Structure formats: structure tokens, C-alpha cells
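Note that UniProt numbering has the sequence shown beginning at 1, numbered continuously upward.
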Amino acid sequence: MTDRLAAWLEELDRQPLPIPSSHYAGLHAALSDSRRSLREIADQLQGSPTLALSILREANRAESARDNPAESLEVALSRLGLARASQLLKTLPSIQDAEMPRVLGQMLLISQHAMQQASGLFGARLARLWQEIHWGSLLTMAPVWALANARPQLLEQWQQRVLVQGEPTLRVERELLGMRLLPICLALAERWRLPQWVIQGYRLLACDRRLLVRALRIARDHQSPLLQQQQLDAQPDLARWLTQPANCTLLANGLAIAAHQSWDGPHMLRWQRLTGLYLGQPLTEVQQQVHMLAAQSARLHARRRCGIRRWP
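Right under this line is the structure:
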């Protein structure tokens, strides 16, 4: 581990993520309600992603979790206990919504959008893995939440220079961070023992990006499914990769991030094509589903903007 990476891990790991003060009472009530099942409590707490992450991290600090970490909030609550989870809530900073870093709110909204996309696109097909899909898609961006909280201006500069001005990502990250962002995210995901699907996604992006590039190239031939299949037959390692359920979380977050940048931009089209290749569906069907799920996510966010289940 380089000194630069170690310094980033120390800074991002030690700073607790905030809870909006308007949600605090509701969260405390949910954790104090012994009449509810753990699944019901976990479902309610997902509206506060920072608390969900904090509970998962705390549960996975235990030595017993080293070989079998909790990968969902329900499991984390069962191991930690509601009393300890409630005590953990009290230790987290509670701040007014207006004081929340704007870029942190954006990242949390992207994560919740990704969760909606993942559940809608892949939930029925992989119903037995719904917990992995649900929590993996929500928590994929968790390392970026930490950066948005600790260095909001830095992340805003990254967005402006990379997404708006189109500067090379490598150059911008080396100037702002002193290194690439993805290794930081991967190291944090491993340290926090985030769901394995999240870690696999970051390993792919940080260490084996060529596999993703090959898949994106094949996905461009969406108008010729036969040609796509022939190319996959010639690349069995890529064909096997495209059958892995863990790709759901990567695809959902790719779609959500691209939507944050531009609905009609080239990045969105790339992720839609890749999703179509993964699902074996025509591009037009995928686009219809993605837009429908985005509209549902926006309506859900609007309805619950003042409640604890949707934030910011």
C-alpha cells in the first residue's frame, strides 16, 4: 500500500457520515420498536443510507465477521442487536438538511436510483438473490459518500472538470487526489467488508477494465444478436463473466451515474447497450425499462422527501 493510499484510507475511514436531523427521531423510533421484524426495520432504515452503511460497518468490525461478513442490513442488525444499533445512531453527527454537503446528497440520490434500477431490471430474474441485488446496488457508491463528506469541494471539482469540461480522468484525479480514485474506493470497500459484489465491481474497474471494454465493444452490435453471440462464443471468458449475477450492481450504478450526467449522452447509451447484452434483451426494451424505473424513483423521492425513507 502506498503512503498516499494509506493517508486517504485513514482520513475517509475515521470520519463518521452524517444523519439529517429531520430523520433522527424516526430512525430512533424504528430501532426501538421491538414489535417489528428485522426486515421491516431494515426496509425503513434504507431511507438513510449513511446509517445503513454505519450499521453494516460496525457489524463487520467483529473478528467473527472476517470470514463471513454481513452483506445486508437485516443480517447486520441481527448480529449487532437493536440496542447497539441505537447507540451507534447516537454517535453519528446529526445536522440540518441545509448544512448537508450538496455533493453528498447527489451521491446518495444516485445510489438510491441505482437500487431502484437494480430491483426493477434484475430483481425478478434473480429473485433468490434479491438481498445481494438490493444492498449491493445501494452500497456500491459508499466509498464515494465518504469522499463527498470529507472533501465535498474536491469531489465537486472532479465532477466539473471530468463530467462537464471533459478533462482526462487520470490527469484530474492525480492532480486532485494524488492518485486514481478507483483504488481508494476498492481499498475502502475491502476495509469496510462491503458486500462481495461491490468489491468484485471495484476490482473489475480498477484491475481488469479491459474485460469491461471488450463487453462494451460487443454490446455496440446490439442490432445483430447473432454477431454478438458469435463474438461471445469466441471469447468464453467474457461469456462466463456476462453470466455472473454480481454484474447487476455494476450495471445499475453505471446507469444511475450516467443518468446523473446526461440522459441522452453517450455514457448512458453504453450502459444501456451493455445491460441489454447482459439481459439478452433488445436495446429499445432496456431503454423503456430504464426510463420507467427512473420515473418511479423520482416520484418515490418526491413523495418521501420529508420522510426518513428517502434522502436527500
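Glycine included, every Cβ here is placed at the ideal spot set by N, Cα and C. Everything numeric in this text was worked out from a predicted model, so none of it was measured.
Minimum Cβ-Cβ distance from residue i to chain C less than 8 Å
i	result
Glu40	Among the protein chains of the structure shown there is no chain C, as only one such chain exists.
Pair within 8 Å by beta-carbon distance, residue i and residue j
i	j	result
Gln288	Ala246	no
Leu80	Glu63	no
residue 358	Leu255	Nothing about residue 358 can be read from this structure; the chain reaches only from 1 to 312.
Ala70	Pro143	no
Glu167	Arg174	no
Ala76	Thr249	no
Gly123	Ile110	no
Leu73	Gln46	yes
Gly120	Leu293	yes
Ala146	Leu155	no
Leu176	Trp158	yes
Leu38	Leu89	no
Gln261	Leu163	yes
CA-to-CA distance, residue j to residue i, given in whole angstroms
i	j	result
Pro312	Leu108	Interpretation of Pro312 is limited by its pLDDT of 36, a score under 50 that renders its predicted location unreliable; no figure is taken from the coordinates.
Leu205	Ala252	14 Å
Ser22	Cys185	29 Å
Leu279	Pro49	28 Å
Thr243	Leu211	13 Å
Ser78	Ile55	11 Å
Arg209	Asp43	34 Å
Ala150	Arg125	38 Å
His267	Ala258	6 Å
Thr140	Val198	5 Å
Ala215	Ser224	15 Å
Arg61	Trp135	18 Å
residue 396	Arg36	Past the edges of the chain, shown from 1 to 312, lies residue 396, and the structure says nothing about it.
Glu40	Ala234	47 Å
Arg14	Leu226	51 Å
Cβ-based burial, residue i [other Cβ within 10 Å; buried from 16]
i	result
Thr284	exposed
Ala98	exposed
Pro20	buried
Ala291	Checking the sequence, you will find His at residue 291 rather than Ala. Counting Cβ neighbours within 10 Å, His291 comes out exposed, since fewer than 16 surround it.
Cys207	exposed
Gln165	exposed
Val213	exposed
Asn68	exposed
Arg66	exposed
Leu181	buried
Pro195	buried
Arg309	Because Arg309 carries a pLDDT of 40, less than 50, the predicted location of this residue cannot be relied on, and the following value inherits that uncertainty. By the 10 Å Cβ count, Arg309 comes out buried.
Leu12	buried
Gln112	buried
Ala187	buried
6 Å Cβ shell around residue i - same chain, five flanking residues per side excluded
i	result
Leu31	Leu82, Ala85 and Ser86
Ala114	Ser137, Ala252, Asn253 and Ala256
Gln231	Ile218
Trp8	Ile184
Val286	Gln272, Thr275 and Gly276
Gly307	No answer about Gly307 holds up, because its pLDDT of 46 lies below 50 and its placement is not dependable.
Gly265	none
Tyr24	Ser94
Pro18	Pro93 and Ile95
Residue i in three-state terms, based on DSSP
i	result
Ser94	strand
Pro236	helix
Pro16	coil
Thr140	coil
Gln231	helix
Pro225	helix
Arg310	Note on Arg310: pLDDT 37, under 50, position unreliable in the model; no value is reported.
Ser297	helix
Gly280	coil
Trp271	helix
Asp43	helix
Arg214	helix
Trp8	helix
Nonlocal neighbours in the same chain, by C-beta distance under 7 Å from residue i, ignoring five residues either side
i	result
Pro183	Leu5 and Ala206
Gly178	Arg4
Gln116	Leu293, Gln296 and Ser297
Asp238	Looking at the sequence shown, residue 238 is not Asp but Leu. Answer for Leu238: Leu211, Arg214, Ala215 and Leu232, listed in chain order.
Arg220	Arg273
Trp130	Gly123
Spatial neighbours of residue i in its chain, beta-carbon cut-off 8 Å, leaving aside the 5 residues before and after
i	result
Pro16	Ser54, Thr91, Leu92 and Pro93
Pro152	Pro101, Arg102, Val103 and Leu104
His222	Gln228, Arg273, Gly276, Leu277, Pro282 and Leu283
Thr2	Met179
Arg203	Leu186
Asp33	Ile41
heavy atom of the ligand ZN below 7 Å from residue i C-beta
i	result
Ala29	No copy of the ligand ZN occurs in the structure displayed, which carries no ligand at all.
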